[in-house]
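Q: So the sequence shown is numbered by the UniProt record's numbering: it starts at 1 and just counts up by one.
Note that beta-carbon positions come from the ideal geometry of N, C-alpha and C, so glycine has one too.
In this text, all values refer to a predicted model and were calculated from it rather than measured experimentally.
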Amino acid sequence: MSSCSKRCLVLLEKCKNMKHLKQAHAQVFITGLHTNTFALSRLLAFCSHPHHGSLIYACRLFQHIHHPTLCICNTLIKAFLLKAKFYDTLHVFTKMLQSGLYPDNYTIPYVLKACAALHSCSLGQMVHGYSSKSGLLFDIFVGNSLMAMYSVCGDVVAARYVFDEIPRLSAVSWSVMISGYAKVGDVDSARLFFDEAPEKDRGIWGAMISGYVQNSCFKEGLYLFRLLQLTEVVPDESICVSILSACAHLGALDIGIWIHRYLNRAAVPLSIRLSTSLLDMYAKCGNLDLAKRLFDLMPERDIVCWNAMISAMALHGDGANALKLFSDMEKAGMKPDDITFIAVFTACSYSGMSHEGLQLLYKMCSVHKMEPKSEHYSCLVDLLSRAGRFEEAMVMMRRISNSGNASEETLAWRAFLSACCNHGQAQLAERAAERLLRLQNHSGVYVLLSNIYSASGKHSDARRVRDMMRNKGVDKVPGSSSVEIGGVVSEFIAGEETHPMMKEIHSVLEKMHLQLLD
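1) I believe Ile310 touches Ala322 by the beta-carbon criterion, under 8 Å. Please report the beta-carbon distance rounded to the nearest angstrom.
2) Tell me whether Gln23 is buried or exposed, calling it buried when 16 or more other Cβ atoms sit within 10 Å of its Cβ.
3) Which of helix, strand or coil does DSSP assign to His376?
4) Which class does Ser134 belong to by DSSP, given the choice of helix, strand or coil?
5) Is the separation between the beta-carbon of Ile140 and that of Ser170 shorter than 8 Å?
6) On a Cα-Cα basis, can you pick out the residue from Met396, Arg386, Gly333, Ala406 that is closest to His368?
7) Ignoring anything shorter than 3 residues or poking outside the segment 34-66, list the beta strand (DSSP E) runs there in chain order.
8) Could you tell me the alpha carbon to alpha carbon distance between Arg414 and Asn422, rounded to whole angstroms?
9) Applying the 10 Å Cβ sphere with the 16-neighbour rule, what's the burial state of Arg191?
10) By Cβ distance below 7 Å, which residues in the same chain neighbour Met1 in space, the five residues on each side in sequence not counted?
11) Using only the alpha-carbon positions, how far apart do Ala283 and Glu409 sit?
12) Can you find the residues in the same chain that come closer than 6 Å, C-beta to C-beta, to Asp201, ignoring five residues on each side of it along the sequence?
13) Alpha helix (DSSP H) containing Ala190: first to last residue?
14) Relative to the C-alpha of Asp188, which residue among Val176, Asn287, Asn215 is closest?
15) Just to confirm, is the Cβ distance from Ser173 to Ser210 under 8 Å?
16) Using a 10 Å radius around the Cβ and a threshold of 16 neighbouring Cβ atoms, would you call Gln425 buried or exposed?
17) Note down, in chain order, each residue of its chain lying with its Cβ closer than 6 Å to the Cβ of Phe218, except the 5 sequence neighbours on either side.
18) Pull up the distance between the alpha-carbon of Leu253 and that of Ile505, whole angstroms please.
19) Which of the three DSSP states, helix, strand or coil, is assigned to Ala412?
20) Of all the alpha helix (DSSP H) runs that stay within the bounds of the segment 298-364, which reach a length of 4 or more residues?
21) Can the beta-carbon of Cys420 be found less than 8 Å from the beta-carbon of Ala412?
22) Does Ser151 pass the burial test, meaning 16 or more other C-beta atoms within 10 Å, or should it be called exposed?
23) For Gly124 versus Met149, is the C-beta distance shorter than 8 Å?
24) Report the rounded CA-to-CA distance for Val508 versus Leu514, giving the unit in angstroms.
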């Protein structure tokens with residue numbers, strides 16, 4: 001290779017942007033490297049860069065390569081994958097097969113990721129079949145990618161089949177199976193895989209903790225984190241985010257503070273994701289001031305962060321500041337999304353700001369050109385019915401019914417029924433209850449309706465509702481509460497006495513009762 005050619009290859013490696021790349025491409029032609037596989041693959045690799053490259057330029061370049069090698073095809077497949085052009089990824093793979101090229105253990109995982117992103121189990125099965133015929137199934141990267149694809153598509157049976165076929169499993173194999181079972185809600189099977197894993201690395205611990213939190217098993221997630229602390233495994237960002245979410249749901253402020261201090265001690269830079277999780281935890285555990293302080297200190301904020309802070313203010317009934325923050329977000333050039341408007345509508349609802357809520361609905365449609373979804377109309381039903389504007393709430397309710405979203409319609413009718421009870425609207429409450437019972441045979445509906453009848457002196461109707469509930473075999477869901485003391489979360493369920501210190505608790509309650517009598 002001549003000195004000019006070597007200088008050209010060095011120039012390729014030093015490219016910082018597409019302008020540099022085009023200059024280097026010209027040098028490739030001048031030095032006669034336009035047929036050199038390595039030079040072409042480097043050109044394509046830079047064009048494939050998700051931030052600095054150009055996929056259009058990469059495609060043009062690829063079209064002028066008469067006999068692309070496997071390496072060049074893999075580079076373009078990866079480029080399409082990184083740019084979320086999943087059908088193009090599959091198209092290049094198909095053309096590759098048609099040209100007589102044989103995919104390797106780099107090609108197949110890329111293609112399987114595209115199948116997973118498209119939630120196309122059938123395409124994934126075809127790639128699985130090809131991998132089996134070509135002997136690639138026993139490659140650990142291909143096997144793990146197959147399991148991940150099946151798990152994303154919700155087929156853990158097929159994922160387990162691949163798991164059993166792989167001769168040498170890696171830690172990633174165990175993590176994928178744990179995540180796959182957790183995704184379909186089977187935390188017991190996920191835990192079995194966790195317990196059987198021969199060596200538990202950070203990925204396996206993270207998969208199980210995340211699986212518990214995703215399935216609302218927050219106490220189990222915190223307990224597993226306690227076990228993790230007894231090992232030499234250092235929790236990463238994902239584990240911290242999962243635990244902060246569990247703390248937020250349980251109100252476990254002490255553990256959340258420990259995580260925050262741990263991050264500070266370890267000098268872990270607070271990413272947007274971590275900062276957002278921390279402020280969400282503080283807000284849900286009752287410390288809005290600390291959540292605000294974290295938000296104000298953030299050098300960068302994404303839409304998730306803005307939404308979390310607006311939701312925090314909504315949760316604390318600070319509607320005025322939630323709307324001010326929404327205005328600040330717009331001034332900062334951040335475009336609101338569906339979650340943003342759910343947060344501001346909720347803020348207006350909790351703060352009795354029905355007029356402002358309707359103004360925001362107008363702004364959503366006319367300024368931001370966003371079509372309200374059933375979730376938004378559900379928030380507006382709550383907003384208007386809380387304010388006693390039942391006719392307007394019914395208009396919104398009809399829009400939800402027309403959308404065909406049964407779960408949102410159920411939530412909206414429940415909010416409407418609750419507001420009717422608060423405003424003493426017995427007739428409207430009866431209509432709402434009838435509609436709700438058609439959608440969901442829930443004990444809460446019977447209880448609310450019975451309460452409103454009792455409050456309005458209609459005791460025979462209240463008894464009729466309770467008898468109806470008993471005859472239909474509807475059990476009242478017991479209430480529960482949790483409290484954190486010394487970093488330990490204790491849960492109490494109405495009617496149960498399973499807590500190990502229940503005798504001591506009753507003894508203290510008895511003493512308190514006697515003191516009150518004195």
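A: A quick look at the data gives this:
1) That belief holds up - the Cβ atoms of Ile310 and Ala322 are roughly 5 Å apart, short of 8 Å.
2) By the neighbour-count criterion, in which 16 or more other beta carbons inside 10 Å mark a residue as buried, Gln23 falls on the exposed side.
3) In the structure shown, the three-state DSSP call for His376 is helix.
4) Ser134 carries a coil assignment under DSSP once its states are collapsed to helix, strand and coil.
5) Yes, they are a contact pair.
6) Among Met396, Arg386, Gly333, Ala406, the Cα nearest to that of His368 is on Gly333.
7) The segment 34-66 contains no whole beta strand (DSSP E) run of 3 or more residues.
8) Computed Cα separation, rounded: 12 Å.
9) Burial call: buried.
10) For Met1, the pLDDT reaches just 48, beneath the cut-off of 50, and the residue's location in the model is therefore unreliable, although a value from the coordinates is still provided. Within the same chain, Met1 has no close Cβ partners at all.
11) C-alpha separation (whole angstroms): 28 Å.
12) Cβ within range, chain order: Ala171.
13) Following the DSSP letters along the chain, one finds Ala190 inside the alpha helix (DSSP H) bounded by residues 187-196.
14) Relative to the Cα of Asp188, the nearest Cα in the group Val176, Asn287, Asn215 belongs to Asn215.
15) No, Cβ-Cβ distance for Ser173 and Ser210 is not below 8 Å.
16) Buried, by the Cβ-count rule.
17) Excluding positions up to five away in sequence, the list reads Ala246, His249, Leu250.
18) Going by the C-alpha atoms only, they are around 22 Å apart.
19) Helix.
20) Within the segment 298-364, the complete alpha helix (DSSP H) runs of at least 4 residues are 303-315, 319-331, 338-350.
21) No, they are not a contact pair.
22) Under this definition Ser151 is a buried residue.
23) Result yes, Cβ atoms of Gly124 and Met149 sit closer than 8 Å.
24) Just so you know, the alpha carbons of Val508 and Leu514 end up roughly 10 Å apart.
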